[in-house]
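All residue numbers for the sequence shown refer to this note's numbering, where the first residue is 15 and numbers rise by one.
All residues carry an ideal CB built from backbone N, CA and C; glycine is no exception.
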Amino acid sequence: QQWREHGKRGPAEQAEAERNIAEIERQRLDYQLERAKYRVEAYPNDMQLRFELGEIHWERQEIDLALPQFQLAQRAPQRRLASLVYLGRCFHSKRQFDMAVEQINKAIEGMIGMNREKLDALYYLGICYEDMGNHAKAAECFKQIYQSDIKFRDVAQRMERMYNK
15 QQWREHGKRG PAEQAEAERN IAEIERQRLD YQLERAKYRV EAYPNDMQLR FELGEIHWER
75 QEIDLALPQF QLAQRAPQRR LASLVYLGRC FHSKRQFDMA VEQINKAIEG MIGMNREKLD
135 ALYYLGICYE DMGNHAKAAE CFKQIYQSDI KFRDVAQRME RMYNK
């Protein structure tokens with residue numbers, strides 16, 4: 015009986031634990047940011063490092079700092095497509111939907127086959143179109159995903175809603 019009681023937390027303890035977790039996560043991101051900045055300063059022409067710094071800024075929701083890093087990182091052939099998708103996501107978060115669509119479409123054009131990377135890109139493109147009010151184009155994106163992977167994110171529910179209208 016005692017071991018059962020020991021594992022239970024009250025609302026105050028739960029809230030304190032969540033605050034502690036959030037603080038540790040913030041410290042982790044701060045450390046990652048400082049390391050990434052240092053590495054970019056040491057190797058300014060390494061586009062992989064630029065990409066990693068952009069990802070950290072993205073995770074911290076520092077969109078205006080992430081954008082130039084992804085713009086530079088797209089020069090690295092191995093990071094070009096992922097950088098374009100991130101650029102699209104950055105523009106989307108700034109509500110610059112036309113530029114978001116343009117960047118993500120550019121990335122999709124370079125993708126061969128339907129892999130996780132392309133599914134992600136199509137998903138973000140569909141979200142952009144939805145937010146633009148272009149539900150027909152959004153549906154096209156989600157249909158492509160659904161035909162390839164019915165369990166991808168919430169696409170099955172999106173398709174269900176679309177067909178039940």
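- Burial check for R175: the Cβ neighbour count within 10 Å stays below 16, so the residue is exposed.
- Note on Y143: 16 or more other CB atoms within 10 angstroms of its CB, so buried under the neighbour-count rule.
- The Cβ neighbour count for G147, taken over all protein chains shown within 10 Å, is under 16; the residue is labelled exposed.
- With the rule of 3 Cβ pairs closer than 8 Å, the segment 106-114 does not count as touching the segment 126-133.
- R94 and Q88 do touch by the CB rule: their CB atoms are close to 5 Å apart, below 8 Å.
- Between Q117 and G102 a beta carbon distance of about 4 Å is seen, short of the 8 Å cut, so the two are scored as contacting.
- N129: not part of any alpha helix (DSSP H); DSSP gives it neither H nor E.
- With a cutoff of 9 Å on beta-carbon distance, R53 and D44 are scored as not near each other.
- A direct Cα-to-Cα measurement between L133 and D78 gives close to 26 Å.
- The three-state reading of DSSP puts P58 in coil, since its state is none of H, G, I, E or B.
- Between the C-alpha atoms of Y137 and A96 there is a straight-line separation of about 14 Å.
- Between A80 and L98 the beta-carbon gap is near 13 Å, outside 8 Å, which marks them as no contact.
- With fewer than 16 other Cβ atoms inside 10 Å of its own Cβ, I35 counts as exposed.
- Taking the Cβ atoms as the reference, Y100 lies roughly 6 Å from G68, within the contact range of under 8 Å.
- Around the C-beta of I159, 16 or more other C-beta atoms lie within 10 Å, and the residue is accordingly described as buried.
- Around C155, the same chain offers L136, L139, G140 as residues with beta carbons nearer than 6 Å, after the five sequence neighbours per side are excluded.
- The straight-line gap separating the alpha-carbon atoms of E73 and V115 is approximately 21 Å.
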